[in-house]
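Residue numbers for the first sequence follow the working numbering, so the first one is 2 and each next one is one higher.
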Amino acid sequence: MRDLRALRRDELPTDTVALARFLLGTIVVRDGLGQRLAGRIVETEAYPPGDPASHAFRRRTARNAAMFLPLGHAYVYLAYGTALMLNVASETEDVGAAVLVRALHPLAGLPQMATHRGLERLRDLTRGPGRLAQAMRIDRTLDGIDLMASAGPLWLGTDGGVPEQIGTTVRIGITKAADRPLRFIVPGDPFVSGPTALNRAADLALRLGAPKAEAGLP
DNA sequence: AGTGCGATTGACT
DNA sequence: GTCAATCGCACTA
2 MRDLRALRRD
12 ELPTDTVALA
22 RFLLGTIVVR
32 DGLGQRLAGR
42 IVETEAYPPG
52 DPASHAFRRR
62 TARNAAMFLP
72 LGHAYVYLAY
82 GTALMLNVAS
92 ETEDVGAAVL
102 VRALHPLAGL
112 PQMATHRGLE
122 RLRDLTRGPG
132 RLAQAMRIDR
142 TLDGIDLMAS
152 AGPLWLGTDG
162 GVPEQIGTTV
172 RIGITKAADR
182 PLRFIVPGDP
192 FVSGPTALNR
202 AADLALRLGA
212 PKAEAGLP
């Protein structure tokens, strides 16, 4: 990892899909545990305004309130009673939308992550939304925090790294609007999630884009 | 107040 | 490849 710096809110694209693409290559940093944990985002999903699959589709509730916070805030929730999910709020304040962080390529604090996970194969450390949250010790207490605050326990940074390619597929594990191409991955990265069969099906819909032009970088 | 159901994971056939 | 665990939340009454 080259020199790490915090991202500024004005660098983030407001649009949910643009943000989902932009976040690939950026770094999630977990501080306050003694040892810094960090991982590069290699997989995201967009849940834009008006999306039937989005938690914010119907209305604002206690659970999804963080999706309505300004751009760059964390939305953390429990899925299936077992797995915690980290999202980044998108669009403008009072608009419910977010980007789900589905996989990280671990960069720092790997031994601690392994402890949090209960000793697993390296490849399973942060491959999948529930796994990465467990590895980074992300819980509901981090729901609603500002990810642009690099003095806080969880924040977003960059080392200037941008993926060479971005793959686009359908989203995983949803039933509504299941055909929309709103999942974005760094093709070939071993930490991208999804069962083999799903990856194969997803590969059929795979399209490659030029990340620098579409990531909204200055 | 009761009920059904996930933006998943891990164990097992 | 199949399948149960697990619980907060949304929806019905």
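Beta carbons: idealized from backbone N, C-alpha and C, even for Gly.
- When Cβ pairs closer than 8 Å are counted between the two stretches, the segment 118-128 is seen not to touch the segment 149-156, the count staying below three.
- The C-beta distance from F185 to R22 rounds to 5 Å, short enough to meet the 8 Å contact threshold.
- Where V18 is concerned, the enclosing alpha helix (DSSP H) starts and stops at 17-24.
- Sixteen is the threshold: when 16 or more other Cβ atoms of the shown chains lie within 10 Å of the Cβ of T17, as they do, the residue is buried.
- Scanning the segment 90-133 from its first residue to its last, the whole beta strand (DSSP E) runs of 3-plus residues come out as 99-109.
- The shortest C-alpha to C-alpha distance from K177 to any of L24, E44, P53 is the one to P53.
- The beta carbons of R9 and G110 sit no closer together than 7 Å.
- Shortest Cα-Cα distance from R6 to any of G168, V171, G162 involves G162.
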